[in-house]
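*Asks:* Going by my numbering, the first residue of the sequence shown is number 165, and it counts up by one from there.
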Amino acid sequence: MDEQIRQLKQLAEPLLRWYDANRRRLPWREEVSAYRTWVSEIMLQQTRVTAVLPYFARFMDAYPTVEALANADTEQLMKLWEGLGYYSRARNLQKAARIVAEQYGGQFPATYEDLIALPGIGDYTAGAILSIAFGQPIPAVDGNVLRVAARITGSRLDVLDGKNRKLFRAWMAEAMSKARPGAYNQALMDLGATVCLPHGEPLCGECPAREFCAARREGCQSELPVRTRKKEKRLEHLTVFVLLREGCVALRRRSEEGLLAGLWEYPHVPGTLDETAAARQLAEWGIMPHRWVKKLAARHEFTHIRWEMTGYILEVQGYGPTEWLWADSGERRKLAVPSAFERFTREITEEERG
Ligand code: SF4
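In structure tokens:
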């Protein structure tokens, strides 16, 4: 048996005992179904538990079943998701819900192969659903679990390398509790989130692995897991136009593909335009500036891209391209404008309040 599997096998019993005493009470744990596990796990990707809680409650109120989600109005769904970010998650949720409703009669498939074929469900989410909702001994290995496993085994394999992640997953599959796989995976999630914290600040004294953890023994917690440096984010400069006309604001829809697909945005162009160049751009759109209200800067970080935005807020005349929508405040409440533009949305609200 691999030494790492032997080390990790020591974990199941104390971990489950720790979990029974310390587990976080979360709504998707109190009432378990494949649908609820799936929605919660998708929401929790890239997002903290405290931020997810109110969204999860609203989501379950609006779409209590997979059929309700499959039939949901997409615009409303995006609106409900507003603020959580990474909107492709919401689109994939609905795409997958439609497949489950149509091809599986509303019942979630209970095999790894079928689950992983659904949009937005990867290895980790499939493991979470199978273990938590169906009681199958399949590991759910994310960054938290890799951190715990790397520290317990003292492994210096680079966890950003796909080959190594596979190896960690194979170790976890061998070492996990076969009697309580769902509790085991959730216990590891909790341990990674509350005790075996990143950035070298683990609370080893409270950890059920403290007696046999290699990183603790060797005092190298802060060095593990090994992660090769991430690539620098691509920097993009944009000039954003917040155009106000008779109580309405100009919006346009983003393309159905790529970043923030299908959401609404303020018209913008690449680059940083000064007032003269901005006026030229407006003229190209057939827009006449009436009053320049404000110039402001904003930034937004996506996973791989950083936007540095220069914004102009103006009162204008003219209608601009036909695909633009001039939306009053009532219409804007129904449209999803991504939080990347939050700074500008806030300015409009303040401007409207006068
Ligand atoms: S003993 Fe410390 S480093 Fe090891 S798993 Fe527990 S919290 Fe993490």
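Glycine included, C-beta positions come from ideal geometry on N, C-alpha and C.
Return the Cβ separation of residue 355 and residue 312 in integer angstroms, given the expectation that the two are a contact with Cβ distance under 8 Å.
*Replies:* Looking up residue 355 in the sequence shown gives position 191. Looking up residue 312 in the sequence shown gives position 148. Rounded, the Cβ-Cβ distance is 6 Å, consistent with contact.
*Asks:* Measure the C-alpha to C-alpha separation of residue 170 and residue 334 and round it to an integer number of angstroms.
*Replies:* Here the question's residue 170 lines up with position 6 in the sequence shown. Here the question's residue 334 lines up with position 170 in the sequence shown. Using only the alpha carbons, I get a separation of about 13 Å.
*Asks:* If we require 3 or more residues per run, which beta strand (DSSP E) segments fall completely within the segment 176–246?
*Replies:* Taking only runs of at least 3 residues, no beta strand (DSSP E) segment lies wholly in the segment 176–246.
*Asks:* Could you check what DSSP says for residue 377 in three-state terms: helix, strand or coil?
*Replies:* Taking the sequence shown and counting its residues from 1, one reaches residue 377 at position 213. If DSSP states are grouped into helix, strand and coil, residue 377 belongs with coil.
*Asks:* My guess is that residue 489 and residue 415 are in contact by the Cβ rule of under 8 Å, so how many angstroms apart are they, rounded?
*Replies:* Indexing the sequence shown from 1 puts residue 489 at position 325. Indexing the sequence shown from 1 puts residue 415 at position 251. Going by Cβ atoms, the distance from residue 489 to residue 415 rounds to 5 Å, so yes, they are a contact pair.
*Asks:* From residue 464 to residue 456, what does the alpha carbon distance come to, in whole angstroms?
*Replies:* One-based indexing of the sequence shown puts residue 464 at position 300. One-based indexing of the sequence shown puts residue 456 at position 292. Going by the C-alpha atoms only, they are around 24 Å apart.
*Asks:* What residues match up with residue 452 in a beta bridge as DSSP calls it?
*Replies:* Counting from one through the sequence shown, the residue named residue 452 turns up at place 288. DSSP lists 481 as partners of residue 452.
*Asks:* Taking C-beta to C-beta, are residue 219 and residue 502 nearer than 8 Å?
*Replies:* Counting from one through the sequence shown, the residue named residue 219 turns up at place 55. Counting from one through the sequence shown, the residue named residue 502 turns up at place 338. Result no, Cβ atoms of residue 219 and residue 502 do not sit closer than 8 Å.
*Asks:* Taking the straight line between their C-alpha atoms, what separation do you get for residue 386 and residue 375?
*Replies:* Within the sequence shown, residue 386 is the residue found at index 222, counting from 1. Within the sequence shown, residue 375 is the residue found at index 211, counting from 1. If I take the Cα positions, the gap works out to 18 Å.
*Asks:* Among residues of its own chain, excluding the 5 on either side of residue 492, which ones have a beta-carbon nearer than 7 Å to its beta-carbon?
*Replies:* As a first step, residue 492 must be located in the sequence shown, where it is residue number 328. So the qualifying residues of the chain are 411 and 412.
*Asks:* Report yes if the C-beta of residue 309 is less than 7 Å from at least one heavy atom of the ligand SF4; otherwise report no.
*Replies:* Translated into positions along the sequence shown, residue 309 becomes position 145. No, the beta carbon of residue 309 sits no closer than 7 Å to any heavy atom of the ligand SF4.
*Asks:* Are residue 382 and residue 318 touching if we call contact CB-CB under 8 Å?
*Replies:* Here residue 382 refers to the residue found at position 218 of the sequence shown. Here residue 318 refers to the residue found at position 154 of the sequence shown. A contact, by the Cβ cut-off of 8 Å.
*Asks:* Excluding the 5 residues flanking residue 285 on each side, which residues of the same chain have their C-beta closer than 6 Å to its C-beta?
*Replies:* For this step, residue 285 is matched to residue 121 along the sequence shown. If we look at residue 285 and ignore the five residues flanking it on each side, its Cβ neighbours are 279.
*Asks:* State the beta-bridge partners of residue 322 as determined by DSSP.
*Replies:* Your numbering for residue 322 matches position 158 in the sequence shown. Bridge partners of residue 322: 390.
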